[in-house]
Amino acid sequence: MGVRTTEHVKLSVEHADVAVMCLGLDATIEGEQGDAGNEYASGDKLGLNLPGLQEELLETVAAMGKPVVVLLMAGSAIDLLWAEHNPNVKAIVDCWYPGARGGKVIAEMLFGEFFPSGKLPVRFYHGTENLPVWNIRDDYERREDIPAGSSGAGSGTAL
109 MGVRTTEHVK LSVEHADVAV MCLGLDATIE GEQGDAGNEY ASGDKLGLNL PGLQEELLET
169 VAAMGKPVVV LLMAGSAIDL LWAEHNPNVK AIVDCWYPGA RGGKVIAEML FGEFFPSGKL
229 PVRFYHGTEN LPVWNIRDDY ERREDIPAGS SGAGSGTAL
């Protein structure tokens, strides 16, 4: 972040009771196809961190001692485990891509008109260390001493 931007953010947060931060992704980072921003990832993002300077901005604001509410605008998981353990980050809300009327609904939630809850149709891992192996390549070495099939058929051994 530039000095001017950092100072402007700090000044704004100093005069606030709570910092509400809207962070996340857009179609140039994640999508169904390889767009201009992610053509090498087949439409998916390359990592689970916030892109650009967003993580640095969140760290700066959280370090100021004010309560922080993070609103994530994204269509997939983002790793914010470090923020979860920051005592100043009071809430992290996954808003997905809320659409044209999403701002009103998010405001109603922030002002306590309802409590966000529900069941997810997907799984979100608590941290990146819990993710399954995803970088398996096709050029791995096959060991011939491993029986083929679940019963060992074809291995030449009677079971």
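Under the working numbering, the residue at position 134 of the sequence shown is numbered 242, and the numbers go up by one with no gaps. Ideal Cβ placement from N, Cα and C applies to all residues, glycine included. The model shown is predicted, which means the values in this text are computed figures rather than measured ones.
- Scanning the region 151 to 216 from its first residue to its last, the whole alpha helix (DSSP H) runs of 4-plus residues come out as 162 to 170 and 189 to 192.
- In this structure Gly-132 is buried. Its beta-carbon is surrounded by 16 or more other beta-carbon atoms within 10 angstroms.
- By the Cβ criterion, the region 207 to 226 is not in contact with the region 152 to 171, since fewer than three pairs of Cβ atoms, one from each stretch, lie closer than 8 Å.
- Under the Cβ criterion (8 Å, minimum of three pairs), the region 182 to 201 counts as touching the region 124 to 138.
- With fewer than 16 other CB atoms across the displayed protein chains lying within 10 angstroms of its CB, Leu-119 is exposed.
- Of the residues assessed, Glu-138 falls on the buried side of the cut-off, its CB having 16 or more other CB atoms within 10 angstroms.
- Take Tyr-233, set aside five residues on each side of it, and the residues of its chain with a beta-carbon closer than 6 Å to its own are Leu-239, in chain order.
- The beta carbons of Lys-174 and Ala-127 sit closer together than 7 Å.
- At the C-beta level, Ala-199 and Val-177 come within 7 Å of one another.
- Approximately 6 Å separates the beta-carbon atoms of Pro-224 and Val-201; this is inside 8 Å, confirming the contact.
- Distances from the CA of Glu-237 to each of Leu-156, Ala-124 and Glu-115 were compared; the closest alpha carbon is that of Leu-156.
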